[in-house]
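Single-structure report; data block below.
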Amino acid sequence: MSDLPRVLVIASTPFSKTKNNGKTLSSFFENYGRDAIAQFCFSGGDCNPEVCGQYYILTYSDVLNKRGGNQYAAEQIEVTPAVEQKKSKAEKLFRVFSQKRLPITTYIKDCVWKKADYSKAYAWIDRFDPQIVFFQGFSMAYGYDFALRVCKRKNIPLVLELTDDYTHRLYPLSIIEKANHKRYMKVFTEAIGLASKTIVISQLMKEEYEARFGGNMDVMMNTVNAENPPCEGERTPNDYVYAGNLLLNRWKVLSNLGKALVNVNPEAVLNIYTPDVPPSRILRALSKVSTICYGGRLTREELERRLRTCEYVVHVEAFDKKNRIITRLSMSTKISEYVASGAKILAIGPADVASMRCLEKNGLGVCVNTPSVKEITKTLSQGIWHGDYADKAAAFLNSCAASSNGERLKAIILKTTQS
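Taken in order, the sequence shown gives residues 681 to 1099; the numbers are from the working numbering.
Printed below as a string of structure tokens:
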């Protein structure tokens, strides 16, 4: 057993090599000590056994069926398949509504989770006997309920991590959302007040949250191994790669990029890879653009190879009002990976979103701040170039090196548990 303090990590999703928030968690804890970490998560699937070997998983389905969830060794957890899981039409419809964060689905989920049986989970936690909780906050109040309850029950400190902003209402005319928001903000502000340290994903989030909520905050984004310089090897011409989910209407921006490529260079190919199978309606829409090719899901190793051989990597953010509210303060987990790949970066999104600000400020790519096919075409026609990219990339990667952020987090945990 490691001499480091035992950490219980609570999150919506497991440590992962491919899923966004799971990758961020993995990058923070990859050098911490596998035996000193246990994770409780609210969904199963694609886990990273190299970082953490013991998990407790309690899912929405478990709660609906009055089950208490189960503990797993990492090797027992099945990797999420690259095919769509068989679900009833009602389940698929509820999932779509949940992704849209409709007030009624949020309310229903929260009501269901209030009835969750955590008795087996508490027994598992007691056996692990954590000395600190690291909670990766997410959009639902029940996650905060559980993290706060564990801290108070065990009388142990909390480190809170925030990757996305859920503090603004999306449906201001909805009475149901007003109630949801009031409940969420109650546990959210309680968590910030209780936390010995709150880790946020962007400088923009730090500045705004400190002004609104106070608290002790630091910035840490998704980290990478910065020992090797960005790859400058041989690349496939006209090869554009987008790797990420298509939610928040990102697929519409990608569709417009594909149309712009038709105008500029019909031989170019925009290859799209996603961690989960997108809805069929989105795939049908993308298939109508001749320059777009959907390539399914890649493993971590496959994605790294693709990023090191393509000519361009693509980053997109949503432009519609509701989705901009969600993403404005968030830093994409892929920015550091894209920079490390050495490929040219093409980013399309609103100028006020944290990820776009980061790329623009650090001179790490060409940014287009409109979804207009005409404007994207104009930018592509002018050419995408590196300039003094190598020096800027090296400086940026040093600021988010896995070893550096891992040591910072370790220091935070040691200081918190010893005080």
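Virtual Cβ for every residue (Gly too), placed ideally from N, Cα, C.
Subject >> Residue of A718, V867, D683 and I856 minimising C-alpha distance to F695 >> reply: As a first step, residue 695 must be located in the sequence shown, where it is residue number 15. Checked all of A718, V867, D683 and I856; the closest Cα to F695 is A718.
Original post:
What is the residue span of the beta strand (DSSP E) that E841 lies within?
Top reply: Here residue 841 refers to the residue found at position 161 when the sequence shown is read from its first residue. That run of the beta strand (DSSP E) goes L838 to L842.
Original post:
For Q756, is the classification buried or exposed, using 16 other Cβ atoms within 10 angstroms of its Cβ as the cut-off for buried?
Top reply: In the sequence shown, residue 756 corresponds to position 76, counting from 1. The residue is exposed, with fewer than 16 neighbouring Cβ atoms inside 10 Å.
**OP:** State the beta-bridge partners of T878 as determined by DSSP.
**Re:** In the sequence shown, counting from the first residue as 1, residue 878 sits at position 198. T878 is bridged to L840 and M897.
Subject >> Other residues of its chain near H995: CB distance less than 6 angstroms, five sequence neighbours each side excluded >> reply: Walking along the sequence shown from the start, residue 995 turns up at place 315. Taken in chain order, the residues that qualify are A1027.
Original post:
In the DSSP assignment, what are the bridge partners of Y736?
Top reply: Locating residue 736 in the sequence shown gives position 56, where the first residue counts as 1. Y736 pairs with F720 and Q751.
Original post:
Between which two residues does the beta strand (DSSP E) containing V1019 stretch?
Top reply: Position 339 of the sequence shown, counting from 1, holds the residue named residue 1019. That residue, V1019, is in no beta strand (DSSP E); its alpha helix (DSSP H) goes I1015 to S1021.
**OP:** Check whether the stretch 1026-1044 touches the stretch 996-1015, taking contact to mean three or more Cβ pairs, one atom from each stretch, closer than 8 angstroms.
**Re:** yes
Original post:
A1031 by DSSP, collapsed to three states: which one?
Top reply: Along the sequence shown, read from residue 1 onward, the residue named residue 1031 stands at position 351. If DSSP states are grouped into helix, strand and coil, A1031 belongs with coil.
Subject >> Alpha-carbon spacing of M900 relative to V880, whole angstroms >> reply: The sequence position of residue 900 within the sequence shown is 220, counting from 1. The sequence position of residue 880 within the sequence shown is 200, counting from 1. Looking at the two C-alpha atoms, the distance is approximately 6 angstroms.
Original post:
So what does DSSP say about E914, is it helix, strand or coil?
Top reply: For the purposes of this step, residue 914 is identified with residue 234 of the sequence shown, where counting begins at 1. It is coil, neither helix nor strand.
Original post:
Mind checking N951: buried by the 16 CB within 10 Å criterion, or exposed?
Top reply: Position 271 of the sequence shown, counting from 1, holds the residue named residue 951. With 16 or more Cβ atoms within 10 Å of its Cβ, N951 is classed as buried.
Subject >> Beta-bridge partners of Y953, as assigned by DSSP >> reply: The sequence position of residue 953 within the sequence shown is 273, counting from 1. Paired residue(s): A923.
**OP:** Compare the C-alpha of T739 against each of V1046, T989, S723 and Q751 and name the closest.
**Re:** Taking the sequence shown and counting its residues from 1, the one referred to as residue 739 is at position 59. Taking only the C-alpha atoms, the option nearest T739 is S723.
Subject >> Own chain partners of T666 with C-beta closer than 6 angstroms, once the 5 adjacent residues on each side are dropped >> reply: Since the first residue of the chain shown is 681 and the last is 1099, residue 666 is not available in this structure.
Original post:
Counting pairs of beta carbons, one from the stretch 809-822 and one from the stretch 882-893, are three or more of them closer than 8 angstroms?
Top reply: With a cut-off of 8 angstroms, the stretch 882-893 and the stretch 809-822 do not count as touching, because too few Cβ pairs lie within range.
Original post:
Taking the continuous beta strand (DSSP E) assigned at F814, which residues delimit it?
Top reply: Translated into the one-based positions of the sequence shown, residue 814 becomes position 134. Counting along the chain, the beta strand (DSSP E) containing F814 begins and ends at I812 to Q816.
Original post:
Between which two residues does the alpha helix (DSSP H) harbouring E982 extend?
Top reply: Mapped onto the sequence shown, residue 982 falls at position 302. From DSSP, the alpha helix (DSSP H) with E982 extends over R980 to T989.
Subject >> P761 versus N750: straight-line alpha-carbon distance, rounded >> reply: The count along the sequence shown starts at 1 and reaches residue 761 at position 81. The count along the sequence shown starts at 1 and reaches residue 750 at position 70. Reliability of the predicted coordinates at P761 is poor, the pLDDT of 38 falling under 50, and no value is obtained from them.
Original post:
Where does Y798 fall in DSSP's three states?
Top reply: Along the sequence shown, one-based indexing puts residue 798 at 118. Coil at Y798, not helix or strand.
**OP:** Have a look at C831, I836 and W793 and flag the residue whose alpha-carbon is nearest the alpha-carbon of Y822.
**Re:** In the sequence shown, residue 822 corresponds to position 142, counting from 1. Y822 has its Cα closest to that of W793, out of C831, I836 and W793.
Original post:
Which two residues bound the contiguous alpha helix (DSSP H) that contains A827?
Top reply: If you number the sequence shown from 1, residue 827 lands on position 147. Unbroken alpha helix (DSSP H) run through A827: A821 to K834.
Original post:
What residues are listed by DSSP as bridge partners for I690?
Top reply: Numbered from 1 along the sequence shown, position 10 holds the residue referred to as residue 690. DSSP, once it has assigned bridges, lists F720 and F815 as partnering I690.
Subject >> Identity of the residues DSSP links to K1047 by a beta bridge >> reply: For the purposes of this step, residue 1047 is taken as the residue at position 367 of the sequence shown. Looking at the sequence provided, one finds Cys at residue 1047 rather than Lys. C1047 pairs with A1027.
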